[in-house]
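Beneath this line is the structure, given in structure tokens, with notes to follow.
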Amino acid sequence: MFGIWFFFVAGACAYGQSTHLFRYAHSQPEPHPRSVSMQFFEQELERRSGGRIQVDAYFSGVLGREREMMDMVTTGALQGTRGAFFTDANPRYTIFMMPFLVQDWEQARRLMYSDFTREINAGAAANGFHIPASGISQGFRAHTNNVRPITSPDDLRGLKMRVPPQEVYLLTAQAFGSNPQDIPYSEAYQAIRTGVVDGQDNAPSNIWDYKVHEVQQYLTITNYATGPDPLIVNLAWYEGLPPDLREIFDQVSVETIRFSDDMNERSEADYLARLSQVLETTVVDPQGLEEFAELASPVYEHFIDKGVFSRDDVEQARRIARGGDEDPVRD
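The sequence shown begins at 87 in the numbering used here and counts up by one.
This is how it looks when you write it as structure tokens:
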């Protein structure tokens, strides 16, 4: 860690006082849509700021796991990240991960680009973060495993499944009847290969780009959940920008997240097609999806009881997603 910190400090000193260095890192590899979108971010931010903001971007987890990168943004060793620990910024982001909250990309966009989400973004300031934009986390989640095809919750029962290190995914996996294992996604391939777990679930892009398909036999499409993808920025760094650069930074951030969402939506079908060529693929029918959704109801009650979000929040989010609230897409 000292070496990384020294490198950052030395790098900052190499720039003039009028230049603001934005150090950014995430875990996805360079070809991944998230990485491509951040290359767009780097180019556009440096161009529009006239070089007054310089971006150093690190991909493929070269600076550590997602937990470590989030902690570095908290302390200011990094200025930005995108990844799994957005609830550090605001626990209310949990609502976007709830099972069967949205049904497709159109609904997900309608919700993520709404005033409802902007309010949650703004709430991150209380915890020391600036969230200029939040999008959709890479796509809808699909299950893979090495034991059997999954057509209903009964088929998941007892399977050891790798899940992200977030309570909502642990509880959802338990509700579906599986035995969840909290393992960083960078270690999922090895955990599956060695039999530590039977399978996992994630967006198709991650399943492919992390090569998880190489050690799995079955793919199951449920589209049971997606999640938020906020650009998480150290608030003190952001507040140190002149007003004109803050405006440029926020504009480029919004465009970057929309660009990322566009890429993820376009590429999802391609990733699924590639995965279906190498894995036995099952699309769960409406009856099976209804069974999964019924099992997930207690997960909502858990977070409502904890006060993470309210029942009104859930109802409002569903109305917005389904087009029932007047909440135009803007920014």
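A virtual CB, placed ideally from N, CA and C, is assigned to each residue, including glycine.
The continuous beta strand (DSSP E) containing GLU366 extends over residues 366–369. Assignment of MET158 by DSSP, reduced to helix, strand and coil, places it in the helix class. Across the structure, GLN373 and THR237 are spaced so that their CA atoms are roughly 10 Å apart. Every beta strand (DSSP E) stretch that sits fully inside the segment 105–179 and reaches 3 residues is listed by chain position as 106–111 and 139–144. ALA228: member of the beta strand (DSSP E) spanning 228–231, first to last residue.
Bounds of the alpha helix (DSSP H) holding LYS392 are 372–392. Within the DSSP bridge table, the entry for MET247 names PRO266 and GLY285 as partners. Contact annotation, GLN140 with ASN320: C-beta distance approximately 16 Å; criterion of less than 8 Å not satisfied. ALA194 has its alpha-carbon roughly 15 Å from the corresponding atom of PHE345. Secondary structure note for THR258: its alpha helix (DSSP H) is the uninterrupted segment 253–261.
Checking the DSSP bridge columns, you'll see PHE215 partnered with ASN320. Every unbroken stretch of the alpha helix (DSSP H) spanning 4 or more residues and falling wholly within the segment 308–365 is given here in chain order: 321–325 and 329–364. Under the three-state reduction of DSSP output, SER223 falls in the coil class, being neither helix nor strand. Sixteen is the threshold: when 16 or more other Cβ atoms of the shown chains lie within 10 Å of the Cβ of PRO218, as they do, the residue is buried. With the rule of 3 Cβ pairs closer than 8 Å, the segment 224–231 counts as touching the segment 289–308.
When DSSP states are grouped into helix, strand and coil, LEU305 belongs to the strand group. Contact between MET184 and VAL385 holds, since their C-beta atoms are separated by about 7 Å, short of 8 Å.
ALA163 and PRO329 have their C-alpha atoms roughly 23 Å apart.
When secondary structure is reduced to three states using DSSP, ILE206 falls in the helix class. Check the Cα spacing between ASN176 and each of THR160, GLN189 and LEU187: the tightest is with THR160.
Selection GLU116, HIS112 and GLN302 evaluated against GLU154 yields HIS112 as nearest (Cα-Cα).
Less than 7 Å separates the beta-carbon of PHE395 from that of ARG178. It is roughly 11 Å from the alpha-carbon of GLY225 to the alpha-carbon of LEU358. Annotated three-state conformation of SER291 is helix, per DSSP.
Residue range 397–407 is occupied by the alpha helix (DSSP H) that includes ASP398. Per the coordinates, the alpha-carbon of GLN363 lies some 29 Å from the alpha-carbon of ALA170. ARG234 carries a coil assignment under DSSP once its states are collapsed to helix, strand and coil. Ranked by Cα distance from VAL340, the first of THR105, LEU131, ARG234 and ARG397 is LEU131. Cβ-Cβ separation between THR342 and SER123: approximately 5 Å, consistent with a contact (criterion under 8 Å). The Cβ-Cβ distance between THR180 and VAL254 falls below 7 Å.
SER223 sits buried, since 16 or more C-beta atoms from the chains shown fall within 10 Å of its C-beta.
For SER146, the closest of GLU116, GLN129 and SER220 by C-alpha to C-alpha distance is GLU116. Secondary structure at GLN276: helix, using DSSP grouped into helix, strand and coil.
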